[in-house]
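What follows is a set of notes on a single structure, which appears directly below.
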Amino acid sequence: MYQDIKLASGQEYILIREDDIIGIMPRANAQAEDVPELQPLADRVLIKVEDVADVTIGGVILPEAAKERPLSGTVVRCGPGRYDKDSEGKRKPMTIKVGDKVLYFKYAGDNMETPSGEKFIVLREDDILCKA
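Just so it is clear: in the sequence shown, position 83 is 83 by the UniProt record's numbering, and no numbers are missing.
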């Protein structure tokens, strides 16, 4: 839950839990084309989504509504890892690395797209089912 705060000076702020922030954009005025440069936080990973086939093996052309949501992609960037509850100030190492090809849960993560049509998703490491 977010908390709206208005200071006596009239300035308005919103308090957000650190866990709800997915990453840091490369600059203050970031645009959609900067998505590939997003630096994920905690145990999140930025994945370039693989394209879904437009045509079946049998040659049937699929309309947009019939296409399955992508479930795989290549890891572009990784966060530093989640803080370890048993070791104060230390992070658990990530098992996913840049360049890994991964499969993930169908409805997990936050989807993003660049103006050129490249699709990305930011996921928690726990939402990744396996890596190739």
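Note that the Cβ used here is the ideal one computed from N, Cα and C, for glycine as well.
All figures in this text were calculated on a predicted structure; none of them were measured in a lab.
query = So what's P36 in DSSP terms, helix, strand or just coil?
reply = P36 sits in a helix when the DSSP states are folded into three classes.
ask   = Curious, which full-length alpha helix (DSSP H) runs of at least 4 residues does the region 45-88 contain?
value = Runs of the alpha helix (DSSP H) inside the region 45-88: none found.
Residue from E113, L41, A132 and L62 with nearest C-alpha to Y104 = Cα-wise, what sits closest to Y104 is A132.
query = E18 by DSSP, collapsed to three states: which one?
reply = Taken through DSSP and simplified to helix, strand or coil, E18 comes out as helix.
request  = Give the single residue among P115, K90, V49 and T74 whose Cα lies nearest to the Cα of I96.
outcome  = For I96, the nearest C-alpha among the options comes from T74.
task = State the start and end residues of the unbroken beta strand (DSSP E) segment that holds L103.
result = From DSSP, the beta strand (DSSP E) with L103 extends over K101 to Y104.
task = Within its chain, find whatever has a CB closer than 7 angstroms to the CB of Q39; leave out the 5 residues flanking it on each side and keep chain order.
result = Only G23, I24 and R77 meet the Cβ criterion.
inquiry  = Pull the bridge partners of N111 from the DSSP assignment, please.
reply    = Bridge pairing for N111: I121 [DSSP].
key: residue 147 and D100 closer than 8 angstroms at C-beta   = Here the chain has residues from 1 to 132 only, and residue 147 is not among them.
task = Would you kindly report the start and end of the unbroken beta strand (DSSP E) that includes I128?
result = DSSP places I128 inside the beta strand (DSSP E), whose first and last residues are I128 to K131.
request  = Whole angstroms is fine: what's the gap from I16's alpha carbon to I5's?
outcome  = Cα atoms of I16 and I5: separation of roughly 11 angstroms, rounded to the nearest angstrom.
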